[in-house]
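K.L.:
As they're listed, the protein sequences go chains F and P.
If you use our numbering, the first sequence corresponds to residues 1 to 314, in order.
If you use our numbering, the second sequence corresponds to residues 1001 to 1314, in order.
Even glycine gets a Cβ: it sits at the ideal position worked out from N, Cα and C.
Number of protein chains: 2
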Amino acid sequence: MQTIGIDLGGTNIKAALVGDGGQILRQMSCPTALPRPAEAICEDILGLCGELIRQAEGPVMGVGVGCPGTVDADAGMVLYANNLGWEMFPIGRILRQRLGMPVALANDANAAAYGEAMAGCAQDAQSAVILTLGTGVGGGVILDGRLLTGYTGGAAEPGHIIIQQGGEACTCGCRGCLEAYASATALIRQTRRAMRQNPRSLMHALTGQGPVTGRTAFDAAAAGDAAAQQVVDTYIQYLAVGVASLINLFFPQVVGLSGGVANQGEALLEPLRRAVEPMVYGHAFSQKHTRIVGCSLGYQAGLVGAAFLARGQA
Amino acid sequence: MQTIGIDLGGTNIKAALVGDGGQILRQMSCPTALPRPAEAICEDILGLCGELIRQAEGPVMGVGVGCPGTVDADAGMVLYANNLGWEMFPIGRILRQRLGMPVALANDANAAAYGEAMAGCAQDAQSAVILTLGTGVGGGVILDGRLLTGYTGGAAEPGHIIIQQGGEACTCGCRGCLEAYASATALIRQTRRAMRQNPRSLMHALTGQGPVTGRTAFDAAAAGDAAAQQVVDTYIQYLAVGVASLINLFFPQVVGLSGGVANQGEALLEPLRRAVEPMVYGHAFSQKHTRIVGCSLGYQAGLVGAAFLARGQA
């Protein structure tokens, strides 16, 4: 079955025709060009869909859209998307009417998580929790092939479980969220703090005149810098607390990590697994264990996931 | 459909014949009388089932058993139950063979949560998270009428999400678990600490020569004692952090609280709701909200839940 996946971002609108096994058959994109009316963005999405349908060999059975913000999937409605400036916009209904085919809608982080579960790092897994360690901490939970969206439609927000009561301020207005400790933004803040306290650390030489990034501490630690190693260890301990909490709720087959920080690969994953294991409830008595892995689809996860969500509607 | 629910505890084995709507038609019990061999306990369960089947008007379609410890529901196996002294005991298979009818197995906290979801405080809800605030913090998660057990079978352990990295020691060996802050045991520890620091607090007069309980601080706070009010406020803030984290993952229709501390009713629930609300992600933009309520089945939740689990097998 061929379906179309749309990844609606603040910078670009990406569209892909996706085949049976999750392979991307054709891909195109256009700038989101904010600020402009929601209706104009819809027209561009319709244009991309029309072009992909024309180019497709065989019928296209549906369209899935991953949108930033809070989404009511059943109603096909974006309730609120801060970076698009949308409030109560019925994108699903509009696309369905104009295209004459089923349209699925999901939060963009959920769509990407679904992609990883269906065709990426958690393919064929009974269940998966996907965490994206980027500007924020997003993600999604997939149980028995279904995206967990909850009663309110807002699930899941793994970045906003609280791991330190009264701790660091989070962008959401609360204190102590996982996002405030385990996002790339948080890692950069932790790195800058350590650099101020350690003026002779290799981290200064590595960044030079350039900006501090999520790689700075990992690179300096790999080169033997003690202060950087401390940053990395502390970051991983915070992330481990979040991952362990998620395992103790879902006991999923796979926890998949994506986003900038996850590009560290085994330099992140290996110590993370060691830190998580003693915090997993009943670990010693369980015969099955959660695998903690890197995601495999990269920036295409959202496109592939949105296309797979369309199958559920078709 | 009539089924039998078994609640296997460290003190008593309870058994009930449960009717279509979740009503208990007949109930009996016998002492668990530990320590003794698992096989002997099985014989007593078989005896209770036989008696209930004899007394039933109409056919009994299956048996559900709620057991303490870690359970592999699919295999009908108790993997490890510390307080029974069981390891790898195939109780489900034994009962099925001897009774000649389907037997469902679940962790006891999960069985009780399922009872509340099917016939108690979350009846007809799309999803529910049940938290038991007792000696520990147990519970379960029910999504679309199904118990979340996860890939490993260990789900869910809401008492072992970590709300304070590096915080209070938990019975599980970790630090900072919700259980270490929100169980009745934790509340008693917090109350004792405040009593030592406040020798003139009303809490001393209220307990007299008797033991400090989970009610001590709530009772003294209701009578206007400031130190007790501080204990209650802090306890509720910790509990709220845990409840908010659970909402931010599951966005369930209902969060139900049971166990000793939940007997405080609105004295607990009303300030809890106020503390949770600002920590719920996207609360201002969502049109649907999670209800936080007290559970309604009391100690019968486990029996009713086990009986309902048997229906899934029948």
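Once the 5 residues before and after A227 (chain F) are set aside, which same chain residues still bring their CB inside 6 Å of it?
P.N.:
So the list reads A194, N198, S201, once near-sequence residues are dropped.
K.L.:
So, V1212 (chain P) versus I1188 (chain P), is the Cβ gap smaller than 8 Å?
P.N.:
Yes. Within cutoff.
K.L.:
Which runs of the beta strand (DSSP E) at least 3 residues long sit entirely within the segment 1113-1161 of chain P? Give them in chain order.
P.N.:
Within the segment 1113-1161 of chain P, the complete beta strand (DSSP E) runs of at least 3 residues are 1127-1133, 1137-1143.
K.L.:
Keeping to the same chain, check which residues put their C-beta closer than 7 Å to that of R192 (chain F); ignore five residues upstream and five downstream.
P.N.:
Taken in chain order, the residues that qualify are V212.
K.L.:
Reducing DSSP to helix, strand and coil, say where A81 (chain F) ends up.
P.N.:
Strand, per DSSP.
K.L.:
What first and last residue would you give for the beta strand (DSSP E) that runs through C1067 (chain P)?
P.N.:
Run containing C1067 (chain P): 1060-1067, per the beta strand (DSSP E) assignment.
K.L.:
Which value, in whole angstroms, describes the spacing of the CA atoms of M1001 (chain P) and Q287 (chain F)?
P.N.:
If I take the Cα positions, the gap works out to 35 Å.
K.L.:
Do you know whose CA, among P:L1079, P:L1052, P:D1108, P:I1091, lies nearest P1068 (chain P)'s CA?
P.N.:
Of P:L1079, P:L1052, P:D1108, P:I1091, the residue nearest in Cα terms is P:D1108.
K.L.:
Whose C-beta lies closer than 7 Å to the C-beta of C295 (chain F) among residues of the same chain, with five residues either side of it excluded?
P.N.:
Only E116, G120, C121, I130, G256, L257, S258, A262, A301 meet the Cβ criterion.
K.L.:
Using a cut-off of 9 Å between C-beta atoms, extract the partners of F251 (chain F) located in chain P.
P.N.:
Chain P residues near F251 (chain F): L1148, T1149, G1150, Y1151, T1152, G1153, G1154, A1155, A1156, E1157.
K.L.:
Beta carbons nearer than 9 Å to chain P: which residues of the segment 232-258 of chain F have them?
P.N.:
Correct list: Q237, Y238, V241, G242, A244, S245, L246, I247, N248, L249, F250, F251, P252, Q253, V254.
K.L.:
Cα separation between I13 (chain F) and G210 (chain F)?
P.N.:
Cα to Cα, the separation comes out at about 30 Å.
K.L.:
Can you tell which of P:F1250, P:V1137, P:H1289, P:Q1165 has its C-alpha closest to the C-alpha of N1110 (chain P)?
P.N.:
Closest by alpha carbon: P:V1137.
K.L.:
To which residues does DSSP link G294 (chain F) through a beta bridge?
P.N.:
G294 (chain F) is bridged to F:L257.
K.L.:
For the segment 1013-1046 of chain P, list the beta strand (DSSP E) runs that are entirely contained and at least 3 residues long, ordered along the chain.
P.N.:
As far as the segment 1013-1046 of chain P is concerned, its whole beta strand (DSSP E) runs of at least 3 residues are 1024-1031.
K.L.:
Interface residues of chain P around L79 (chain F) at Cβ under 9 Å?
P.N.:
Under the 9 Å cutoff, chain P gives G1282, F1285, S1286, Q1287.
K.L.:
Any beta carbon from chain P within less than 8 Å of S127 (chain F)'s own beta carbon?
P.N.:
Chain P contact via Cβ: present.
K.L.:
My guess is that V1241 (chain P) and I162 (chain F) are in contact by the Cβ rule of under 8 Å, so how many angstroms apart are they, rounded?
P.N.:
So it is a contact: roughly 5 Å between Cβ atoms.
K.L.:
Take every Cβ of the segment 152-172 of chain F, pair it with every Cβ of the segment 1243-1256 of chain P, and state whether three or more of those distances are shorter than 8 Å.
P.N.:
Cβ pair count under 8 Å is three or more, so yes.
K.L.:
Would you please verify whether the beta carbon of I1188 (chain P) is less than 8 Å from any beta carbon of chain F?
P.N.:
Taking Cβ atoms only, chain F never reaches closer than 8 Å to I1188 (chain P), which makes this a no.
K.L.:
Please state whether DSSP places G305 (chain F) in a helix, a strand or coil.
P.N.:
DSSP places G305 (chain F) in helix when its eight states are reduced to three.
K.L.:
Which residues, taken in chain order from the segment 1115-1126 of chain P, show a beta carbon closer than 8 Å to some beta carbon of chain F?
P.N.:
Answer set for the segment 1115-1126 of chain P: A1125, Q1126.
K.L.:
According to the Cβ coordinates, are A1310 (chain P) and A1128 (chain P) closer than 8 Å?
P.N.:
No; because the gap between Cβ atoms is not below 8 Å, this pair is not in contact.
K.L.:
Give the straight-line distance between the Cα atoms of T171 (chain F) and V78 (chain F), rounded to the nearest whole angstrom.
P.N.:
Their Cα atoms are separated by approximately 21 Å.
K.L.:
Helix, strand or coil: which one does DSSP assign to R1200 (chain P)?
P.N.:
Here R1200 (chain P) sits in coil by DSSP.
K.L.:
What is the residue span of the alpha helix (DSSP H) that I94 (chain F) lies within?
P.N.:
Segment 91-99, the alpha helix (DSSP H) holding I94 (chain F).
K.L.:
Who are the Cβ neighbours of I1024 (chain P) in its own chain at under 8 Å, not counting the five residues just before and after it?
P.N.:
Result list for I1024 (chain P): A1016, L1017, V1018, Q1300, L1303, V1304, in chain order.
K.L.:
So that I know if they touch, is there some Cβ in chain P lying closer than 8 Å to that of T191 (chain F)?
P.N.:
So no, T191 (chain F) is outside the interface.
K.L.:
So who's on the other strand from V986 (chain P), going by DSSP bridges?
P.N.:
Not covered by the structure: residue 986 (chain P). The range shown for chain P is 1001 to 1314.
K.L.:
Taking the alpha carbon of R26 (chain F) as the point to measure from, which residue in F:Y181, F:D44, F:G92, F:V60 has its own alpha carbon closest?
P.N.:
Nearest option by C-alpha distance: F:V60.
K.L.:
Which partner residues does G1005 (chain P) have in the DSSP bridge list?
P.N.:
Answer is P:A1016, P:G1064.
K.L.:
Just the Cα atoms here: how many angstroms apart are W1086 (chain P) and G166 (chain F)?
P.N.:
Answer to the nearest angstrom: the Cα atoms are 40 Å apart.
K.L.:
Y1181 (chain P) and Y1238 (chain P): beta carbons closer than 8 Å?
P.N.:
In contact: Y1181 (chain P) and Y1238 (chain P) (Cβ atoms closer than 8 Å).
K.L.:
Quick check on T32 (chain F): buried or exposed, where buried means 16 or more other Cβ atoms within 10 Å of its Cβ?
P.N.:
Burial call: buried.
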